[in-house]
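Under the numbering used here, the residues of the sequence shown are numbered 18 to 232, in order. Ideal Cβ placement from N, Cα and C applies to all residues, glycine included.
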Amino acid sequence: MATAINERGQFTIALSGGSTPKPLYEAIASQKLPWDKIHVFWGDERYVPPDHPDSNELMTRRAWLDKVPIPAANIHAVPTLAANPAVDAAQHEKHLQEFFHVTPGQFPSLDVVLLGMGDDAHTASLFPHTAALKVCDRLITVGNKDNSQRITFTYPLINAARSVIFLVAGANKRPALAQVFAPVADDFTYPSRLIRPQGELFWLLDAAAGLELKP
18 MATAINERGQ FTIALSGGST PKPLYEAIAS QKLPWDKIHV FWGDERYVPP DHPDSNELMT
78 RRAWLDKVPI PAANIHAVPT LAANPAVDAA QHEKHLQEFF HVTPGQFPSL DVVLLGMGDD
138 AHTASLFPHT AALKVCDRLI TVGNKDNSQR ITFTYPLINA ARSVIFLVAG ANKRPALAQV
198 FAPVADDFTY PSRLIRPQGE LFWLLDAAAG LELKP
């Protein structure tokens, strides 16, 4: 963070939803940080209003953002109120392009992208064998799972990050992790394999998730 602020005047981070990162967010909320220099994004969001119980934004606000003096302009929430996820995805892409000063076809480098992984090896809202996995010319796209619509970073945007951090917990993730780390497996069946960032990649696993992995 200090390096990013010293070199670029700001620190940019994209967050994940779900229960796994919540304790981390609560811990961050207790820290004294240069909040005016920190810009928060989300790697994906369920297509629900921001006050909906399933909203990643709502979880993050309750665990972290509402507890710290971060400027409202530094919170770059995913829009979900147009009644059309494709419209909101395009709006959010335009916002990212303007914020990072990039043109269509260019991918900005966030300082950190925090990801989770499901037991089907999906990450963000990039689910196995879905159209979102084939989108490689945009920053943002629509993801779908079981008739539930979401807005998500594309994998090229994730891969442009300076650092990508996976947080994975639970024994139910072991089979998927084994395939993600396997020398050969299908990327479109195990989408987390598509995450090969230009920068650094870290996997933070609890004992249950990583039990059968070899160093």
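Inset, instruction - Give the secondary structure of residue 20 by DSSP, where H, G and I count as helix, E and B as strand, and everything else as coil. - result: In the structure shown, residue 20 sits in a helix (DSSP, three-state: H, G or I).
Inset, instruction - Give the C-beta separation of residue 61 and residue 160 to the nearest angstrom, bearing in mind that I take them to be a contact with Cβ-Cβ under 8 Å. - result: 7 Å
Legend entry - 6 Å Cβ shell around residue 94 - same chain, five flanking residues per side excluded: 74
Legend entry - Residues near residue 39 in its chain [Cβ-Cβ closer than 7 Å; skip 5 each side]: 76 and 80
Legend entry - Nearest candidate by alpha-carbon position, reference residue 67, set 113, 84, 96 and 131: 96
Inset, instruction - State whether the stretch 145 to 157 contacts the stretch 185 to 201, with contact taken as three or more CB pairs (one from each stretch) at a distance under 8 Å. - result: These segments do not touch.
Inset, instruction - Assuming residue 30 and residue 113 form a contact by the criterion Cβ under 8 Å, report the distance between their Cβ atoms to the nearest whole angstrom. - result: Contact doesn't hold; Cβ gap of about 14 Å is too wide.
Inset, instruction - Classify residue 59 as helix, strand or coil using the three-state DSSP reduction. - result: strand
Inset, instruction - Give the single residue among 70, 72 and 82 whose Cα lies nearest to the Cα of residue 48. - result: 82
Legend entry - Spatial distance of residue 170 from residue 189 (CA atoms): Each residue's Cα considered, the two are about 25 Å apart.
Legend entry - Separation of residue 200 from residue 90, as counted between CA atoms: 43 Å
Legend entry - Cβ shell of residue 120 (< 8 Å), same chain only, five flanking positions each side left out: 114
Inset, instruction - Would you mind sorting residue 20 into buried or exposed? The rule is 16 or more other CB atoms within 10 Å of its CB. - result: exposed
Inset, instruction - From the DSSP output, in three-state form, read off residue 231 for me. - result: coil
Legend entry - Residue span of the beta strand (DSSP E) that contains residue 197, given as start and end: Residue range 191 to 197 is occupied by the alpha helix (DSSP H) that includes residue 197, with no beta strand (DSSP E) assigned at that position.
Legend entry - Residue burial classification, residue 152 (beta-carbon count within 10 angstroms, cutoff 16): Buried, because 16 or more other Cβ atoms sit within 10 Å of the Cβ of residue 152.
Inset, instruction - List the DSSP bridge partners of residue 92. - result: 57
Inset, instruction - Return helix, strand or coil for residue 205, following the three-state DSSP convention. - result: Look at residue 205 here: in three-state DSSP terms it is coil, with no helix or strand label.
Legend entry - Rounded separation between residue 99 and residue 163 - CA only: 21 Å
Inset, instruction - Please say whether residue 130 and residue 178 have beta carbons closer to each other than 9 Å? - result: yes
Inset, instruction - Ignore the nearest five residues each way along the sequence and tell me which others in residue 265's own chain have a CB closer than 7 Å to its CB. - result: The requested residue 265 is not part of the displayed model; the chain covers only 18 to 232.
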